[in-house]
Structures are given as structure tokens and as C-alpha cells.
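Written below as C-alpha cells is the structure these notes are about.
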Amino acid sequence: MAVNTSADAPLPVGQVSRLIGGWIERLGAVWVEGQITQLSRRPGAGVVFLTLRDPSHDISVGVTCYRQVYDAVADVVGEGARVVVHAKPEWYAPRGQLSLRAVEIKPVGVGELLARLEQLKKSLAAEGLFASSRKKPLPFLPQLIGLVCGRASAAERDVLENARRRWPAVRFEVRNVAVQGVHAVTQVVQAVKELDALEEVDVIVVARGGGSVEDLLPFSDEQLVRAVAACRTPVVSAIGHEPDNPLLDHVADLRASTPTDAAKKVVPDVGEELERVRMLRGRARRCVEAYVEREERGLAHALARPAIQDPHRMIDDRADHVASLVDRSRRTFGHLLDRADSELTHTHARVVALSPAATLKRGYAVLQRADGHVVRDPGEVTADDVLRARVAEGEFTVRVGDSRGGTSGGGTSGGDTSGDTGGASGTGDTGAPGGVDDQAGTGKGMGA
1 MAVNTSADAP LPVGQVSRLI GGWIERLGAV WVEGQITQLS RRPGAGVVFL TLRDPSHDIS
61 VGVTCYRQVY DAVADVVGEG ARVVVHAKPE WYAPRGQLSL RAVEIKPVGV GELLARLEQL
121 KKSLAAEGLF ASSRKKPLPF LPQLIGLVCG RASAAERDVL ENARRRWPAV RFEVRNVAVQ
181 GVHAVTQVVQ AVKELDALEE VDVIVVARGG GSVEDLLPFS DEQLVRAVAA CRTPVVSAIG
241 HEPDNPLLDH VADLRASTPT DAAKKVVPDV GEELERVRML RGRARRCVEA YVEREERGLA
301 HALARPAIQD PHRMIDDRAD HVASLVDRSR RTFGHLLDRA DSELTHTHAR VVALSPAATL
361 KRGYAVLQRA DGHVVRDPGE VTADDVLRAR VAEGEFTVRV GDSRGGTSGG GTSGGDTSGD
421 TGGASGTGDT GAPGGVDDQA GTGKGMGA
């Protein structure tokens, strides 16, 4: 029931202690499971004192019982044993101390322990702590190995000697702990956490040289399993108990059957590695030699080709072909030039024949008045008109005498000349055929 208190009305310590004792008194007898530690059984004493500990939570409580209660199981129960106790909680008010007065003690059998371990195993597996995806690979050649083992134990000797025999340069960081008993779980967990915190540690080995199921219980403790699962460093379990594997084997990144096997799996053998290097070197040499030989054969085959043996032959063959093409091109180009020259000559002859200058060379003349008008009809001139006559080799002036009967002209030097043009204007003393109409036509053709 609740107790009404305040800062102004506090309860004395004795009253609080008595109240707690009353509540515990009403609790009645209970069955409690734990591990026996600090067993005290003095000769002649009628009472046995022991401590019952929960290794999973590191909680302990004192237990007292009459000597005859303990003697009933003394042959199978000792310090470190797991037991189930039927006891009545008691409160010692003067010192405020809780204890249990046992009226019956039962040892926990191996079968029952294994059943509980199996149940814990299933529970942890359901959380994924044993999943293969969580396993971390071990380094090929660890520089520093953390070792958790008993002090001066065979497991420590086996790991150190075999590892150094395989790789003499390997180094160890050793943590000696209790590997059985009431303090084993706490010390092993602390050692694993310390080694995992060291950056230079590449792998952690937890080793013990076997033992009974009861002796190996610390390595199936839930607290240790969770500590190993939380490690960033790979952990190797080397407990050395084949029939019943502790839970540490399942959560570890690698399981070794014995401490010696752990040494073999953690470090490589220097002799085997040197032999592997020699083998790989020989294989590489053979591969290179085969490659060079294959390339040499390919080169020899290429050199045996006619194009490589007589490279000028192809050039000579191509040169003849090129010369033939050049000669053909020259002939074709010559024919084209000849044809073009012939066409050009013919065209030039036609142009020359049709030009006004050619007409003038045939004896025609062009008559123009002083204003440059070409005379095309006799009616366009009158007597005494002065006209300019253009002929093939030059020009001169003429004077019209009678536009119906003839003309009189003066040369370019100013002398007067006259001639009979046959009823039309003449060209001086040349006496060119035709009349003014023909000449006017010629003049029109010249456009002058």
C-alpha cells in the first residue's frame, strides 16, 4: 500500500526498512535459478552461506540454508554450478539487505541446460545474429592478432606456437581471462570489447581447450554472444568442443575446431605461400613464353607473305598500271584538246568571216555623215555633202557630186578625187562593186 510522505513529514530509515521487510514477507516462497558463487561451508557450522548469481545480468543475491539442505546435493553441486533454489526472501532491516533462505536446492541437469541453450539459440537466430550475411571475411595476413584465453593455458600455447611456426613475423595482443566459473562471462566480454577497440587489431581469437557442457556455459552466454555480434573486428571461435557447439561458434565470423586449427585458419603458412609464389611465377613464365612464341610464329608467317618478301613487286606492278593510266589520260586529253582546237578554229573562221572587218576587206565601204549617221539610202544625201568613208585599211572623206549620178571625193590628205561609181556613191578610186545600198548594208552590219 502507498505511504503518504512529504518533505515536512518524512519517514525514518528504520520505518522504511521495516515497511520493505513487510512487503517482502508477503511475497512468499519463490523458485530462483542462478549460478553458485562464493560457497562458504565451515566445518561444524549448521548454516551454509552462498551467493546465487545471474551471469546474464551480473546480479547476485545472498542465500543461506541449513547444512542438511545443502548436504543433500553436495555431491553434484559446487561453486560454479547452476541450481534451482526454493527459497523465501528475507529482509534484514538493520543493514537493509535482501537475502534468500533456501529450503530446497536442485541442480540443473545437462539435458535441461541444453534445452535452454537450444531455446536461446533459436531466439538469437530469429534476430539474425547467426546469419551468414553478417560474417566478416578474415584478412589474408593479419599484422596483429587479438587472443582471448586462459592464463598459461594449453589453448594459448597452441595458438601462439602454431601461428608463429606458420608465419614467424605475426604479432599477438593477448588478454588472459577466466574461461570458466562465475567471472568468465564478464572477463571474456570485457577482453573482446577492449581488443575490438584497438584499431591495429585485425582479428580476434577466443580460445579454450574444450571441457564439459557446464564448463563451456560462459561461451553460450547471451551477453557474450551479443558482444561478439557487435564487433567490427572479425572474431574466430576456437573453443574445441565438437559434440555440442557453444553459441559463440554460431555468432563468430569463423569457427575453428581447436586452438591449433584457429592458428592455421588465421595466418597463412609461409612455406605454402612461397611455393604458391614459385608456382605462379612458373605459370606466368610459361604464359609469357607461349605468348612470345605465338607472336614469333605470326611474325614469321607475315614475313613469308610475298608482299613482305618482295615489297617492290607490288609497287612495280602498280607503277606499270599507273603509267598505263597516265598514257591513256594523256592520249584522251590530247584528243580532247585537238577536238577543242578544231572547233575553236572553225568557230574563229566563222566569226572572222561574219565580222564587219572581213566584209570591208572584200572591198565594201561604210559611208557616214558628219554626225556619224550611216548612209543606207541615196536619198539620205544631197549634192556636195561631205561623207566619211571607212574601208578595210582606214578611212577618208568624200564629197557627193550628184546623188543620182556619182560622187566626188577627197582623200585623207585633202586632195579631191573623182570616179564613176556607176550611179552610186563610190569609194574613191577603188571602184568597189555595188551601190550605196550595199555599202549601207555593210555599214549597218558593222554598227558604225
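Going by the UniProt record's numbering, the sequence shown opens with residue 1, and the numbers climb by one from there. Just so it is clear, CB atoms sit at the ideal spot from N, CA and C, and this is done for glycine as well.
Residue 365 and residue 340 - do their beta-carbons sit closer together than 8 Å? no
Taking DSSP as the reference, what is the three-state secondary structure of residue 52? strand
Ends of the alpha helix (DSSP H) at residue 341? 311-354
Which value, in whole angstroms, describes the spacing of the CA atoms of residue 519 and residue 188? For the chain, the structure presents residues 1 to 448; residue 519 sits outside this window and is missing.
From this set, 178, 135, 38 and 142, which residue's C-alpha is nearest residue 230's C-alpha? 135
Please say whether residue 146 and residue 225 have beta carbons closer to each other than 8 Å? no
Residue(s) in a DSSP beta bridge with residue 13: Paired residue(s): none; residue 13 is not in a bridge.
My output table needs one value for residue 62: the three-state DSSP class, helix, strand or coil. strand
Is residue 215 closer than 8 Å to residue 56 when the C-beta atoms are compared? no
Run of the alpha helix (DSSP H) containing residue 149, from where it starts to where it stops: It is not in any alpha helix (DSSP H) - residue 149 instead sits in the beta strand (DSSP E) that spans 144-149.
Residue 173 - partner residues in DSSP beta bridges: 146
Buried or exposed, going by whether 16 or more other CB atoms sit within 10 Å of the CB of residue 156? buried
I'd like to check one pair, residue 39 with residue 462: are the Cβ atoms closer than 8 Å? As shown, the chain starts at 1 and ends at 448. That puts residue 462 outside it, with no answer to give.
Straight-line gap, residue 142 to residue 164 (C-alpha atoms, nearest Å): 12 Å
If I follow the unbroken alpha helix (DSSP H) through residue 295, where does it start and stop? 270-303
Rounded to a whole number of angstroms, what is the C-alpha to C-alpha distance between residue 59 and residue 97? 14 Å
Identify, in the order they occur along the chain, each residue of the same chain with its Cβ nearer than 6 Å to the Cβ of residue 443, setting aside the five sequence neighbours on each side. Confidence is the limiting factor: at residue 443 the pLDDT is only 39, short of 50, which leaves the residue's position unreliable and the question unanswerable from this model.
Closer than 7 Å: residue 218 CB and nearest the ligand PLP heavy atom: The model on display carries no ligand, and the ligand PLP is accordingly not part of it.
Helix, strand or coil, according to DSSP, for residue 419 in the structure here? With a pLDDT of 36 at residue 419, under the threshold of 50, the modelled position of that residue is not reliable, and the figure given next carries that caveat. Here residue 419 sits in strand by DSSP.
Leaving out the 5 sequence neighbours to the left and right, which residues in its chain are closer than 7 Å to residue 402 when beta-carbon positions are compared? 383
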